[in-house]
Amino acid sequence: MRAQSGCDVAIVGGGASGTLLAVNLLRCARAPFRVVLVERSGLFGRGLAYSTRSAHHLLNVPAARMGAFPDDPEHFLRWLRQTWPDTAPGDFVPRYRYGLYLESLLRDMATRAPPGVQLELVSDEVVSADEEGGRVRLGFLAGGSLEARAAVLALGNAMPADLRVPDGGLYASERYHRSPWAPRALRGVEPDDSVLLIGTGLTMVDTVLSLEEQGHRGVIHALSRHGLLPHVHRGGTPAPARPTTYASPGIRDVLRALRQEVLRECHAAPDADGHLHPIPIRIRAVLRIMRQEVKRATEAGADWRTVVDALRPATVPLWHRLTTGERRRFLRHLRSHWEVHRHRMAPSIGDTVARLRREGRLVIHAGRLRSFRLVDSGVEARVRRRGHAGEEVLHVQHVINCTGPEGAITRGHPLLKTLVDAGRVCPDMLGMGLATDAHGALMDLGGHASGRLYTLGPPRRGELWETTAVPEIRAQARGLAEHLLQRLGTSPISRMPLAQLGVPLD
Ligand SMILES: Cc1cc2nc3c(=O)[nH]c(=O)nc-3n(C[C@H](O)[C@H](O)[C@H](O)COP(=O)(O)OP(=O)(O)OC[C@H]3O[C@@H](n4cnc5c(N)ncnc54)[C@H](O)[C@@H]3O)c2cc1C
Numbered sequence: 216m217r218a219q220s221g222c223d224v225a226i227v228g229g230g231a232s233g234t235l236l237a238v239n240l241l242r243c244a245r246a247p248f249r250v251v252l253v254e255r256s257g258l259f260g261r262g263l264a265y266s267t268r269s270a271h272h273l274l275n276v277p278a279a280r281m282g283a284f285p286d287d288p289e290h291f292l293r294w295l296r297q298t299w300p301d302t303a304p305g306d307f308v309p310r311y312r313y314g315l316y317l318e319s320l321l322r323d324m325a326t327r328a329p330p331g332v333q334l335e336l337v338s339d340e341v342v343s344a345d346e347e348g349g350r351v352r353l354g355f356l357a358g359g360s361l362e363a364r365a366a367v368l369a370l371g372n373a374m375p376a377d378l379r380v381p382d383g384g385l386y387a388s389e390r391y392h393r394s395p396w397a398p399r400a401l402r403g404v405e406p407d408d409s410v411l412l413i414g415t416g417l418t419m420v421d422t423v424l425s426l427e428e429q430g431h432r433g434v435i436h437a438l439s440r441h442g443l444l445p446h447v448h449r450g451g452t453p454a455p456a457r458p459t460t461y462a463s464p465g466i467r468d469v470l471r472a473l474r475q476e477v478l479r480e481c482h483a484a485p486d487a488d489g490h491l492h493p494i495p496i497r498i499r500a501v502l503r504i505m506r507q508e509v510k511r512a513t514e515a516g517a518d519w520r521t522v523v524d525a526l527r528p529a530t531v532p533l534w535h536r537l538t539t540g541e542r543r544r545f546l547r548h549l550r551s552h553w554e555v556h557r558h559r560m561a562p563s564i565g566d567t568v569a570r571l572r573r574e575g576r577l578v579i580h581a582g583r584l585r586s587f588r589l590v591d592s593g594v595e596a597r598v599r600r601r602g603h604a605g606e607e608v609l610h611v612q613h614v615i616n617c618t619g620p621e622g623a624i625t626r627g628h629p630l631l632k633t634l635v636d637a638g639r640v641c642p643d644m645l646g647m648g649l650a651t652d653a654h655g656a657l658m659d660l661g662g663h664a665s666g667r668l669y670t671l672g673p674p675r676r677g678e679l680w681e682t683t684a685v686p687e688i689r690a691q692a693r694g695l696a697e698h699l700l701q702r703l704g705t706s707p708i709s710r711m712p713l714a715q716l717g718v719p720l721d
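Using this note's numbering, you'd call the opening residue of the sequence shown number 216 and step up by one each time.
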């Protein structure tokens, strides 16, 4: 469908972030109000994470915590049970079901919104965004344009970057697979081929599962600098929305102590007039507190996962109190350790990974890639192992980039590149995402927040750090919807009851 006239809010990107924002706007808007959601793939509610069709790709968050609304984390669980009645709160269900859920919410919202509150879906790519006369004009790849009072760039994750090493022609060959998420990404990998996966995080794990699913039997090498694998969620753990609700009194004390300690470290110091000013903290202090709490938690009968999860609500304020230098220090020295503890595998996937390693089918390497060379029989990858001086050669038939959605935000986003080049939006201090204000308004090169252009989700990574998973995105979507409605002069109304949303699957 093509938007014919102007709208109140245009959302560019129909992945989880754009969809959740649209749902919140429609749920709270007063008529007349018109939202246009633009998605280049034509698939709404899926995005990178939830467009997989594989039943082996599981959510890494239990079902009871994945609800689309911050005030109802179990909404997804109830929706699942309409079709899969046996789903338990702690189940890690296939990711495609989450895509179906988001799609059904969007469909439902479009049909149940009050008269005059409208949603239009447009399948096209937005290639330009110009501010003219107090409006944003979006230009489409297929031609034509759309005027909006405000536009939200929900463009999601950056594409994986090629490793900057001599590639000996590999990157231009069919033996190289630039992104494991591209359609038919593993085409050409024969069952007995040996494969090198660059990266050892959750993207690598996804790719191993995809290879298994297509009957691959060869050896899979996975390489990263530290060779760290994601940890595994505890099996059979119930999945309440807030960890404290199920913690024993002893654990509750531990969690409270952790929050207090972190807040004491990072909160504020009174000046001579008694005004409180946030004081910067050192990442080393946070690490020390974490270690102490893990020790206390373990002594109290819990494990480190409880402590890592308990820190989550404090992550954003904590990040804000780290100086840019301290954030860089964290990224350089601790990031990979944090990621494997924070983003964990579902227990069943952990079992598969452990089995493949026992069978010698999956070999994890810690080291630095030095170069690639194409040879008649495949690819030679020169690797310098961690802690060793010399280089070693891995001989494989295929190389798959599993470094994940990190790096320069403008990669794979021509629209963003144009805006950044023009200085109309600006990368954050760490170059991980875009500079925004507290609501997600994009900042220009001069440091001014736009009144018309916003973002949410992964592009706010440098500013917030914890911004890519659904529990964070749903809170941002709600906050941004309320902010936009107020800004556009239509104060949010009481929301449509959640019980009405999410029709059963056919
Ligand atoms: C593999 C994977 C698994 C994950 N698993 C979980 C999980 O289990 N639990 C959890 O909480 N979180 C998970 N996450 C994190 C999180 O849910 C996702 O990062 C989230 O879905 C981000 O959604 P998004 O809409 O911001 O970005 P994306 O999913 O990247 O969607 C952005 C959309 O914008 C579209 N687009 C981009 N540019 C344009 C343009 N110019 N015009 C039109 N359309 C455009 C793209 O086509 C895309 O559909 C996972 C992430 C990944 C990558």
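Just so you know, even glycine gets a beta-carbon here, dropped at the ideal spot from N, CA and C.
Member of the options whose CA lies at the smallest distance from the CA of residue i
i	options	result
Gly-381	Val-594, His-654, Val-640, Gly-694	The question names Gly, yet the displayed sequence has Pro at residue 381. Ranking the options by Cα distance to Pro-381, first place goes to Val-594.
Ala-696	Arg-255, Gly-229, Leu-609, Ala-365	Ala-365
His-603	Thr-618, Val-614, Leu-584, Asn-616	Leu-584
Leu-703	Gly-666, Phe-291, Thr-682, Lys-632	Gly-666
Gln-297	Arg-280, Leu-315, Phe-284	Leu-315
Glu-574	His-271, Arg-432, Ser-220	Arg-432
Ala-529	Glu-405, Gly-305, Met-505	Met-505
Leu-571	Leu-426, Gly-257, Gly-359	Leu-426
Gly-672	Val-337, Val-341, Thr-683	Thr-683
Gly-221	His-556, Ala-357, Gly-349	Gly-349
Thr-415	His-552, Ala-303, Val-404, Leu-533	His-552
Leu-361	Val-341, Asp-377, Leu-657	Val-341
Gly-183	Gly-305, Leu-417, Ala-303, Pro-495	Outside the modelled stretch of the chain, which goes from 216 to 721, sits residue 183, for which no answer is possible.
Arg-440	Val-608, Leu-526, Glu-514, Arg-547	Arg-547
Thr-234	Thr-418, Ile-624, Ala-325	Ala-325
Glu-554	Asp-566, Arg-527, Gly-646	Arg-527
Leu-657	Glu-346, Pro-395, Arg-536, Thr-418	Glu-346
Neighbourhood of residue i by C-beta distance below 7 Å, restricted to the same chain and skipping five residues each side
i	result
Val-332	Leu-241, Ala-244, Ala-246, Phe-248
Arg-576	Val-434, Ile-435
Val-420	Pro-445, Met-560, Ile-564, Val-568
Gln-429	Leu-401
Ala-231	Gly-262, Ala-264, Tyr-265, Leu-317, Val-685, Ile-688
Ala-344	Val-351, Leu-353, Ala-366, Leu-630, Leu-634, Leu-668
Pro-309	Ala-270, His-272, Leu-273
Residue j beta carbon less than 7 Å from that of residue i
i	j	result
Val-523	Ala-512	no
Tyr-311	Arg-268	yes
Gly-677	Leu-660	no
Val-253	Leu-334	no
Pro-375	Asn-616	yes
Arg-390	His-610	no
Arg-675	Thr-651	yes
Pro-729	Val-447	Here the chain comprises residues numbered 216 to 721, so residue 729 is not present and cannot be evaluated.
Gly-655	Thr-670	yes
Ala-596	Gly-442	no
Asn-275	Pro-620	no
Ile-413	Leu-438	yes
Leu-699	Pro-707	no
Val-224	Leu-320	no
Ala-653	Pro-285	no
Leu-273	Phe-307	yes
Leu-236	Ala-692	yes
Gly-450	Phe-587	no
Ile-800	Arg-544	Lying before the first or after the last residue shown, residue 800 is absent from the chain, which here runs from 216 to 721.
Cβ-based burial, residue i [other Cβ within 10 Å; buried from 16]
i	result
His-628	buried
His-407	Note that residue 407 corresponds to Asp in the displayed sequence, not to His. Under this definition Asp-407 is an exposed residue.
Ile-226	buried
Met-644	exposed
Ala-369	buried
Pro-300	exposed
Ala-279	buried
Leu-292	buried
Arg-648	First, the residue type needs correcting, since residue 648 is Gly and not Arg in the sequence shown. The residue is buried, with at least 16 neighbouring Cβ atoms inside 10 Å.
Leu-356	exposed
His-392	buried
Ser-463	Here Ser-463 scores only 42 on pLDDT, less than 50, and its place in the model should not be relied on; the value that follows carries that caveat. By the 10 Å Cβ count, Ser-463 comes out exposed.
Val-590	exposed
Gly-282	buried
Asp-636	exposed
Asp-339	buried
Distance cut-off 6 Å: residue i Cβ against heavy atoms of ligand 3
i	result
Glu-340	With respect to ligand 3, the structure shown offers nothing to examine, as its ligands consist of ligand 1.
Beta-carbon proximity list for residue i, same chain, < 8 Å, skipping 5 on both sides
i	result
Val-410	Val-404, Leu-426, His-431, Gly-433, Val-434, Ile-435, His-436, Val-611, Gln-612, His-613, Val-614, Ile-615
Contacts around residue i, its chain only, beta-carbon distance under 6 Å, and the 5 residues preceding and following it disregarded
i	result
Trp-534	Trp-680
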